């Protein structure tokens, strides 16, 4: 028996060692994911996080319960030219649940984002069959600084669209049925076999992602194009017709949805959105390169180096890519069209801030599929060196975002306390002589104060026309560098009565 056990150990020892190393590497990459997550969690627990200055108060003030908030907020958005039923239902329910506990809402949203990263990790796992995919997607995503805006803005829409898009892809990849072996030979069943239920549920969740925010319409086009890619690649296997029909169906549904938005929802909110505004597109493209692409650069450089050296081992970079499974090639193509389509949608609008958050996830998805399959070939010491560098990168980005947003929260709270304790300042609010360059906070700050301290003060007046201070009867001007710049040189003779990194209050003599 001892001889049999020893023989078994000799035969399986290498496999056990490889699996053990893989588990250690996965655990180490999990640390890359958890280090910023825990940093944010402890900030929520031990710092004074309250309602934000975007849409939080608009949602809370739209009703007293789930039904009232859902109906009123939906009607309000529709009048503004916005159709987001998924987001409205999510907001109406959870703002009602956490109405008296904003800190609890932040922690809950942190859990939602962890779920989001897990779902997309599972999508990558479906394509690579490597457990490392689960953590690699999250680790790379959390190196993108604009993704952190989803943690700090409770009313952001992008994370919800990504959750439903991820669930959609889980079902659609199951429908596509791409269980191929390393030689690209079909295993059990014919590729493209119609799975009515998977395709149906995939389409339902795709529509839910559209309902989170209109920009996800670009993802519907990307999914449809990915089916056309499959039709082209699998044409020799007799699957062209099935994939072609599905691809055209997805594109038709997406285009119909987009046309419905254009012709049935009056779009005051997106009136400036135009693909012919070339000056704005150029500026946004430059902003994307300076802020988004440069943030991708560490992983772009590492991936390029990795592919170069692996390509040399494989007798050429072309051979490296040829070794990818059918699943991986499809996934890389899908990730590229998702990223390109979303960027194209944002160019006439805004390519920075929380708008760009999905591109960080799409980029991580692409990189995961490019390197996951061959990452385990690296020397274990080199793998852990990369992991250590990734921890430092993610912590640097996390701490930058966390310091920026926590200081904004603290400065805003100090400003509100100052206003509450200054009767003269508060009286001028009622006289409507307080102006600000910050559009959303001009109404949100008084609303938050009213909710926190049961006050009844009026909203500030939003205006960028600082030169008209006499005509507008300005008495105070609340300025923030986080918002579009107003000309504050006209206030050189005004007194500064409140100052912080994020807010300055000027008082007219």
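Residue numbers (this note's numbering): 11 to 519. Using N, Cα and C, we set each Cβ at its ideal position, and we do this for glycine too. Since the model is a prediction, treat every value here as computed from it, not as a measurement.
One thing to note: residue 116 has its Cβ no nearer than 8 Å to the Cβ of residue 128. Among the bridge pairs identified by DSSP, residue 472 is matched with 446. In summary, residue 156 is buried, with 16 or more beta-carbon neighbours lying within 10 Å of its beta-carbon over all protein chains present.
Between residue 342 and residue 376, the C-beta spacing is below 8 Å.
For residue 330, the enclosing alpha helix (DSSP H) stretches over residues 327-332. By DSSP's assignment, residue 505 forms a beta bridge with 517. Cα atoms of residue 136 and residue 169: separation of roughly 21 Å, rounded to the nearest angstrom. With a cutoff of 8 Å on beta-carbon distance, residue 449 and residue 508 are scored as not near each other. Looking at the DSSP output, residue 489 sits in a beta bridge with 514. Check the Cα spacing between residue 511 and each of 56, 252, 390 and 425: the tightest is with 425. Secondary structure of residue 294 (DSSP, three-state): helix. Pairing residue 500 with residue 476 gives a Cβ-Cβ distance under 8 Å. DSSP, reduced to helix, strand and coil, places residue 65 outside both helices and strands of the structure shown, so it counts as coil.
Contact between the region 283-294 and the region 259-272 is absent: fewer than three C-beta pairs spanning the two stretches fall below 8 Å. For residue 153, the closest C-alpha among the options 396, 478 and 374 is that of 374.
Each of 464, 468 and 462 was checked against the Cα of residue 452, and the nearest Cα belongs to 468. For the options 176, 108 and 92, the alpha carbon positioned closest to that of residue 133 is the one of 176. When rounded, the separation of the alpha-carbon atoms in residue 474 and residue 496 is 5 Å.
Taking every protein chain shown into account, the CB of residue 298 has 16 or more other CB atoms within 10 angstroms, so this residue is buried. In this structure residue 356 touches residue 225 by the C-beta definition: roughly 7 Å separates them, less than 8 Å. For the set 296, 400 and 429, the Cα lying nearest the Cα of residue 360 is the one of 296.
A distance below 8 Å separates the beta carbons of residue 104 and residue 118.
Following the DSSP letters along the chain, one finds residue 130 inside the alpha helix (DSSP H) bounded by residues 112-138. With a 10 Å radius around the Cβ and a threshold of 16 neighbouring Cβ atoms, residue 34 comes out exposed.
The beta strand (DSSP E) runs lying completely inside the region 371-436 and spanning 3 residues or more number zero.
In this structure, the alpha-carbon of residue 328 lies about 12 Å from that of residue 319. For residue 148, the CB contacts under 7 Å within the same chain, skipping 5 residues up- and downstream, are 43, 127 and 131 in chain order. Listed in chain order, the non-local C-beta contacts of residue 284 below 6 Å within the same chain comprise 358, local neighbours out to five positions each way being set aside. A check of alpha carbon separations from residue 346 across 231, 159 and 211 identifies 231 as the nearest.
Nearest to residue 446 by alpha-carbon distance, out of 269, 484, 140 and 54, is 484. The beta carbons of residue 238 and residue 257 sit closer together than 8 Å. Within the model, the alpha-carbon separation for residue 48 versus residue 462 is close to 28 Å.
Residue range 95-107 is occupied by the alpha helix (DSSP H) that includes residue 95.
The criterion of a C-beta distance shorter than 8 Å is satisfied by residue 61 and residue 458. Residue 162 has its alpha-carbon roughly 13 Å from the corresponding atom of residue 114.
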